[in-house]
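First comes the structure, then the notes that go with it.
Number of protein chains: 2
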Amino acid sequence: MTEDHSLRRDTAVPAIDLEDAIDSGDLESVRAWFAAQNTVTISEELGRLDHGERAVAFRLLEKDRALAVFEYMDISHQRELLEALRSDRASELLRGLQDDDRARLIGEAPATVASKILADLPADKREATSRLLGYPPESAGRLMTPAQAVLDPDMTREDALDKLRGRRLRNRDIAVLAVTDETRRLLGVVNLSDLVTAADGARVGDLMSKETHSVRATADQEVAARLVQEADLLALPVVDEESRIVGMITVDDAMEALEIEVTEDAYRGGGSEPLGEPYLSATVFTLARKRGVWLVVLILAAVLTINVMSTFEGTLNKIVVLATFVPMIIGTGGNAGSQAASSVVRALAVDEVRPRDLVRVVWREVRVGLMLGAFLAVLTFPFIAVIYEPRIAATISLTIVGICAWACIVGGVLPLVAKKIGVDPAVFSTPVVSTLVDATGLIIYFTIAQVILAPQLAAAG
Amino acid sequence: MTEDHSLRRDTAVPAIDLEDAIDSGDLESVRAWFAAQNTVTISEELGRLDHGERAVAFRLLEKDRALAVFEYMDISHQRELLEALRSDRASELLRGLQDDDRARLIGEAPATVASKILADLPADKREATSRLLGYPPESAGRLMTPAQAVLDPDMTREDALDKLRGRRLRNRDIAVLAVTDETRRLLGVVNLSDLVTAADGARVGDLMSKETHSVRATADQEVAARLVQEADLLALPVVDEESRIVGMITVDDAMEALEIEVTEDAYRGGGSEPLGEPYLSATVFTLARKRGVWLVVLILAAVLTINVMSTFEGTLNKIVVLATFVPMIIGTGGNAGSQAASSVVRALAVDEVRPRDLVRVVWREVRVGLMLGAFLAVLTFPFIAVIYEPRIAATISLTIVGICAWACIVGGVLPLVAKKIGVDPAVFSTPVVSTLVDATGLIIYFTIAQVILAPQLAAAG
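Chain order of the listed sequences is A and B.
Numbering of the first sequence is given in UniProt numbering, commencing with residue 1 and proceeding in unit increments.
Numbering of the second sequence is given in UniProt numbering, commencing with residue 1 and proceeding in unit increments.
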């Protein structure tokens, strides 16, 4: 994604390896490279360095550039740089951030650090930041930017545009403007484009959008961000309990919040806790810790499989060949369960499926599981019948049908139950679902085996 | 996410079950409910109905509302409705769509249907749509909206604003305006907010953003969408090979493209092909087909585990208890591999890791795997030693260390290799990685067992 996306870059790109240049102390090349790149690329490339290199490189940026690059960095890298830089440089960077970005950064710092940072800010920024910090973590209030300009429905188009004149305002902060009554109760929103294109003298109240979405400041951040996406909004008003405007969630912040959620779901889906920082920046110990939690839970759950295997040790002793198929059978169960779970987790994440759809989901998954199981059974039966014997083949085929149906139900139902009881559905990840299906799948397998292979077992006994 | 997010909704919400109301023919309640809801909620709820109900409900919407609701629907539901509605109604809906949305819908229709739809459009829309359809599927050109207004650097602020006056323009289409020379070569962009807030007489050329990102129309859609996200853009100019402006990718379309990518990754991560439509809308047969492809591949790969198990059948015959631990061991290997794969797949998706980081990734994963394996080994050794015997416990513990390290390497490397050779890294999903690790893990297990348990094996032989 670094190819060809900036006009500035097209003009002159000294092709250097940033890491090598820093390590070899060739700081002139680094400066030249910075001058030729856009801020987003610089912040991306800095994100790929290790933390010592990053601090060195960052100090080489000119002042204005440094602030812009800092804004685009991952929050874990921002925190790390603030610690590495001299305190006057750090407070400068913090002052330059948007109020919402600054609040997010401070919200993640230890309390003592946070209060020191707050004390260093100029009064107006301190106030705006503290207000945002008053909202619970992960709430819409934390994600919003304080409203930059609020209009009155009786203003004319010209009054409204005059109110914006001469101020330094970001495009995304005024693309959508809140319209309120005299007590700051939200009446609606007006698009900047509608103000611009309207006829002279048009009333703001008449230009207001017919449909206004809004969220409470205490609402869940993800819910708010998803609304921005679904309704194609550039900004979403955030209100207090009395419907008074307190801020706006801009589309860029909504995208970032969704991206973080998606990353968390991706990690949980693979059976580990989210890192909260980029993969290459995390220490090996952090990686091991975030994964280890789940691996321990899963290996304890896997003790169930040892119990099941021990219970049926007599059967296994008599017909050792049954052991041969264990990995394939539990693997297939795990795979079928994982497919069902990942579909349903994703459908829940985008609100296509809700917990009350339980019966519909079960009914779909039973049929899908039986269909898949039957297909795989028909596919494998002849081979096993020829290489081993028909009764063994029948055992395996029937087990596959049963285990696929069962795995699809388990994979489909668990995320719905999780959501219902307020747990992140993504914790019913592939590893969790497979581990649960492993033990129950073995019971299905050995039960079927004992019935179909009864003559052999009796002969061997 | 349907709670409390619309002002309109707050006023009067008849609490009805839409599905029941439609099924029981209580169309008045449905109409009343529509009147009380916002368009986004209506389109969401319609998306949860089955297709017959959806067509009935959609016909009850008043004309303007219907168009707005239609715009927010999933593309698979749009297509389905177009088929269900009378052709004059269908062409009306199509005419009302944005050019890029219409092109995407037509691009997915069979060629004969597509050309009929195109023929029914008014000349200007037909032309705009055909032009977008000329770009390859999944390209930036398909995602863009034709540029609505292009400015000249020598215009004053007032000239520029006058150019927009009186036109019906969507907020997101003019939040960022392209500035070009007389041959339409892109010089930069200017934010609508900067035009509005600037002093009288300011030159467009002076108000231009210092940094302008752009992509070629043939560039990958996902790359373009990710740039919009990373650089916090409201719109990204799309240019042809001569750097002439051809359109803009607006932030809402970028979000939608990313959402589709994320859904695809989520499905692939769980080991199935993406559905391309909402979970509840897909037929059971479609679900089975999308999953079946991979299940068949995986069960064929699992034949390897049968081979490995057969190879070591002699060992298993002598020490049947070894079979007892097979599910736990391959489960743990699969889980560790799946954790590594999901981290690296996600890191690749957000460009934190690139194929050339192979050595760094391997070095991290080896250490993480050994650390996790050692921890699990220490945790399980005493129990197995007490319940079974120390040599068995030593076999299992050493296997866990080996298998965790091996699984982390496999899970970390395969996605990088996939990316390098141009395959979607997400196909190295949890099920694929676990299946690959299963067979190799068993070889590690039995090899270690043959060495450590040599005395027992000799005694049994």
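All residues carry an ideal CB built from backbone N, CA and C; glycine is no exception.
Note that this is a predicted model, so its numbers are computed, not measured.
In the DSSP assignment, Gly166 of chain B falls outside any alpha helix (DSSP H), carrying neither H nor E. Against chain A, the beta carbon of Leu442 of chain B has neighbours under 9 Å at Pro327, listed in chain order. For Asn191 of chain A, the enclosing beta strand (DSSP E) has its first and last residue at Leu186 to Asn191. Pairing Thr250 of chain A with Ala235 of chain A gives a Cβ-Cβ distance under 7 Å. Three or more beta-carbon pairs drawn from the segment 403-423 of chain A and the segment 328-337 of chain A are found closer than 8 Å, and the two stretches are therefore classed as touching.
Under a 10 Å Cβ-count criterion, Ile421 of chain A is classified as exposed, with fewer than 16 other Cβ atoms of the shown protein chains found around its own Cβ.
For Asn191 of chain A, a Cβ of chain B is located within less than 7 Å of the residue's own Cβ.
For Ser272 of chain A, the nearest CB of chain B lies under 7 Å from its own CB, placing it at the interface with that chain.
Straight-line spacing of the CA atoms in Cys408 of chain A and Ala336 of chain A works out to 6 Å. In the displayed model, Ala178 of chain A falls within a strand according to three-state DSSP.
Cβ atoms of Val196 of chain B and Val179 of chain B stay farther apart than 8 Å, at about 16 Å.
The alpha-carbon of Lys419 of chain A is positioned some 9 Å away from that of Ala426 of chain A. Counting along the chain, Ile16 of chain A sits inside no beta strand (DSSP E), nor does DSSP assign it H or E at all. With contacts defined as CB atoms closer than 7 Å, Arg364 of chain A and Val293 of chain B fail to qualify as a contacting pair. Within the same chain, Cβ atoms closer than 6 Å to the Cβ of Ala114 of chain B are found at Ile106, the five residues on either side in sequence being excluded.
Taking CB atoms only, Tyr135 of chain B has no neighbour in chain A less than 7 Å away.
By the criterion of a C-beta distance shorter than 6 Å, Gly369 of chain A is surrounded in its chain by Cys404, Ala405 and Cys408, once the five residues flanking it on both sides are discounted. Taking a Cβ-Cβ cut-off of 7 Å, the neighbours of Arg172 of chain A in chain B comprise Leu234, given in sequence order. A direct Cα-Cα distance of roughly 11 Å separates Asp351 of chain B from Leu227 of chain B. Gly270 of chain A sits in coil when the DSSP states are folded into three classes, being neither helix nor strand. Inclusion of Val433 of chain B and Ala349 of chain B in the CB contact set at 7 Å is not warranted, their separation being larger than that value. In this structure, DSSP gives Arg216 of chain B an extended state, which the three-state scheme calls strand. Among the CB atoms of chain B, none fall inside 7 Å of the CB of Ser397 of chain A. For Thr183 of chain B, no alpha helix (DSSP H) run applies, since DSSP gives it neither H nor E. When the alpha-carbon of Ala393 of chain B is set against those of B:Ala449, B:Leu151, B:Gly141 and B:Val176, the nearest one is in B:Ala449.
Per the coordinates, the alpha-carbon of Ile260 of chain A lies some 35 Å from the alpha-carbon of Thr129 of chain B.
Nearest to Gly141 of chain A by C-alpha distance, out of A:Asp99, A:Ala198 and A:Asn307, is A:Asp99. Residue pairing for Arg203 of chain A: DSSP places it in a beta bridge opposite A:Thr156.
Taking each of A:Glu28, A:Ala84, A:Gln339 and A:Ala36 in turn and checking the Cα distance to Gly52 of chain A, the smallest one comes out for A:Ala84. Its chain contains Ser76 as the residues whose beta carbon lies nearer than 6 Å to that of Glu277 of chain B, once the 5 sequence neighbours on both sides are disregarded; these appear in chain order. Against chain A, the beta carbon of Ala302 of chain B has neighbours under 8 Å at Pro327, Met328, Gly331 and Thr332, listed in chain order. Assignment of Ser87 of chain B by DSSP, reduced to helix, strand and coil, places it in the helix class. When the five nearest sequence neighbours on each side are left out, the beta carbons in the same chain lying within less than 7 Å of the beta carbon of Gln148 of chain A are those of Leu169, Asp173 and Ile174, in order along the chain. Under the DSSP assignment, Met248 of chain A falls in the beta strand (DSSP E) whose first and last residues are Ile245 to Thr250. Counting along the chain, no alpha helix (DSSP H) covers Leu236 of chain B; the unbroken beta strand (DSSP E) around it starts and ends at Ala235 to Val239. Nearest to Ala160 of chain B by alpha-carbon distance, out of B:Gly166, B:Asp152 and B:Arg167, is B:Asp152.
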